[in-house]
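Here's the structure we're looking at; comments come further down.
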Amino acid sequence: MNTDTNTQSIFQVDEKGYYGEFGGAFIPEMLYPNVEELRENYLRIMSEPSFKAEFDKLLKDYVGRPSPLYFAERLSERYGAKIYLKREDLNHTGAHKINNTIGQILMAKKLGKKKIIAETGAGQHGVATATVCALTGLDCVVYMGEIDMKRQKPNVERMRILGAEVVPATSGSKTLKDATNEAMRHWLAHPDDTHYIIGSVVGPHPYPDMVARFQSVISEEIKFQLKEHTGNENPDYVIACVGGGSNAAGAFYHYLDTPKVKLVVAEAAGKGLKSGESAATTALGKPGVLHGSKTIVMQTEDGQVVEPYSVSAGLDYPGIGPLHAHLYDSGRGHFVYVTDEEALDAGILLSKTEGIIPAVESSHALAALDKIDFKPEDIVVLNLSGRGDKDLETYIRYGKY
């Protein structure tokens with residue numbers, strides 16, 4: 001977890017909550033006290049030795065960190081580069097999401113909150129939130145799009161077994177965007193005793209920065225693990241998928257100010273950029289405000305949010321976090337667009353070459369390997385953000401294996 005506030009770069013949030021022109025806190029007046037309470041306290045709490053000690057202990061003993069950095073030999077032979085997989089899929093609950101929920105549940109306790117709400121798309125953040133609430137004995141309500149509840153049914157049942165109430169979002173596209181809207185409404189109605197665990201680097205400041213810091217453990221580990229493997233802590237490429245962008249923020253965090261490390265961002269193009277069914281935000285969006293921050297948003301000429309589409313519930317979001325919008329705008333991030341078919345093919349390829357069935361979200365990052373001309377000496381780290389158990393029905397329906 002990065003708690004250093006002394007160093008400042010153009011890729012870290014400024015004191016007003018902006019990454020370049022993106023970020024800020026665009027919130028209703030009723031939420032201002034909650035968000036302000038968090039803003040005033042999060043860096044202080046995160047830097048407390050007792051907080052850091054408890055966070056680190058839970059990551060080690062409960063989550064199972066450090067997650068392995070695995071050299072994928074057969075995948076490397078196929079693409080002509082040295083490819084390493086950061087195995088966030090091996091974390092407890094099966095994804096990187098648990099890093100952030102552990103941090104935020106400890107933060108909520110420090111702030112005296114008694115109830116937790118969350119939103120989820122693929123269900124991984126919801127499962128992680130339900131898990132830490134069970135661990136700490138806090139009440140938990142998770143909002144999830146009605147369509148996502150159907151396509152991610154195993155995760156819905158996991159949340160319920162863990163004691164969480166799962167509430168369907170039935171408006172709009174009935175996916176992640178609408179679940180986020182419902183969670184925001186709940187928070188408006190219960191501002192005093194409730195903490196909203198946002199699962200990605202989105203939302204009003206300080207959420208994008210706080211979540212990125214909790215997820216920065218990923219790149220912190222990559223640096224020392226890669227040095228053990230290769231003698232060099234810096235790869236040539238770091239690749240990650242982005243919906244809101246929390247796994248990518250964590251994988252990129254300690255490389256943001258190292259320009260020789262290329263940061264590759266895989267967005268979900270759905271059925272194609274021109275199909276009208278896509279979630280490729282940077283290709284199809286423009287600056288706007290979504291869920292409390294200024295970022296790049298898929299929207300109509302009138303500013304109405306365009307319904308996104310992706311086979312991946314976790315990437316089915318019409319915006320990206322403000323950090324990623326800044327990476328796109330500044331050219332620091334190299335954005336590629338991956339269709340459903342390309343992602344599913346890449347997921348099946350990894351299954352057959354390395355014996356790892358990835359989450360469909362992670363398969364988008366894997367498909368980015370096809371879009372880069374590597375040199376044989378290139379070292380590539382790909383963040384395998386989640387495991388594919390939840391997506392077996394999607395792979396089965398696709399059938400091309």
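Residue numbers (the UniProt record's numbering): 1 to 401. Built from N, CA and C at the ideal position, the CB exists for glycine as well.
From the DSSP output, read off the bridge partner residues of residue i.
| i | result |
| --- | --- |
| lysine 294 | Gly23 and Val289 |
| glutamate 267 | Val242 and Tyr337 |
| asparagine 383 | Lys86 |
| leucine 69 | Lys86 |
| glycine 145 | Ala169 |
| histidine 195 | Ile116 |
| tyrosine 18 | Gly23 |
| glutamine 299 | Val305 |
| alanine 325 | For alanine 325, which the question treats as bridged, DSSP gives no partner whatsoever. |
| tyrosine 237 | Lys262 and Val380 |
| aspartate 316 | Partner(s): none; aspartate 316 has no beta bridge. |
| proline 206 | Beta-bridge pairing links proline 206 to no other residue. |
Whose C-beta lies closer than 6 Å to the C-beta of residue i among residues of the same chain, with five residues either side of it excluded?
| i | result |
| --- | --- |
| histidine 324 | Val242 and Gly245 |
| alanine 130 | Cys140, Met159, Leu162 and Ala164 |
| asparagine 2 | Arg213 and Ser216 |
| leucine 344 | Tyr398 |
| proline 322 | Tyr19, Phe22, Gly23, Pro208, Ser293 and Thr295 |
| asparagine 99 | Phe214, Gln215 and Val217 |
| glutamate 182 | Tyr143 and Ala169 |
| residue 454 | Because the chain here runs from 1 to 401, residue 454 falls outside it and cannot be looked at. |
| lysine 115 | Asp139, Asp193 and Thr194 |
State buried or exposed for residue i, treating a residue as buried only when at least 16 other CB atoms are found within 10 Å of its CB.
| i | result |
| --- | --- |
| proline 206 | buried |
| proline 287 | exposed |
| tyrosine 19 | buried |
| isoleucine 239 | buried |
| aspartate 257 | exposed |
| serine 275 | exposed |
| arginine 65 | buried |
| lysine 57 | exposed |
| isoleucine 102 | buried |
| aspartate 302 | exposed |
| phenylalanine 26 | exposed |
| arginine 151 | buried |
| threonine 281 | buried |
Taking residue i and residue j to be in contact with their CB atoms under 8 Å, please state how far apart those CB atoms are, rounded to whole angstroms.
| i | j | result |
| --- | --- | --- |
| alanine 248 | isoleucine 222 | So it is not a contact: roughly 13 Å between Cβ atoms. |
| leucine 366 | proline 376 | Between proline 376 and leucine 366 the Cβ distance is about 20 Å, and since that is not below 8 Å, they are no contact. |
| valine 381 | tyrosine 84 | 5 Å |
| glycine 199 | histidine 291 | The Cβ separation is near 12 Å, so there is no contact. |
Closer than 7 Å by C-beta to residue i: which residues in its own chain qualify, once you throw out the five before and the five after it? Chain order, please.
| i | result |
| --- | --- |
| lysine 371 | Val336 |
| histidine 92 | Tyr62, Val63, Gly64 and Ile98 |
| glycine 94 | Gln124, Gly386, Arg387 and Asp389 |
| tyrosine 79 | Leu369 and Phe374 |
With a threshold of 7 Å (Cβ to nearest heavy atom), would residue i be considered close to the ligand ZN?
| i | result |
| --- | --- |
| glycine 121 | With respect to the ligand ZN, the structure offers nothing, as it holds no ligand at all. |
(message) Three Cβ pairs or more, each shorter than 8 Å: is that satisfied between the region 214–221 and the region 362–369?
(response) no
(message) Three Cβ pairs or more, each shorter than 8 Å: is that satisfied between the region 261–280 and the region 119–139?
(response) no
(request) Kindly confirm or deny that the region 72–91 and the region 347–354 touch, where touching means at least three C-beta pairs closer than 8 Å. (result) yes
(message) Check whether the region 104–112 and the region 189–205 are in contact - that is, three or more C-beta pairs closer than 8 Å.
(response) yes
(request) State whether the region 40–51 contacts the region 325–335, with contact taken as three or more CB pairs (one from each stretch) at a distance under 8 Å. (result) no
(request) Evaluate contact between the region 293–313 and the region 171–178, counting only Cβ atoms and requiring at least three cross-stretch pairs below 8 Å. (result) yes
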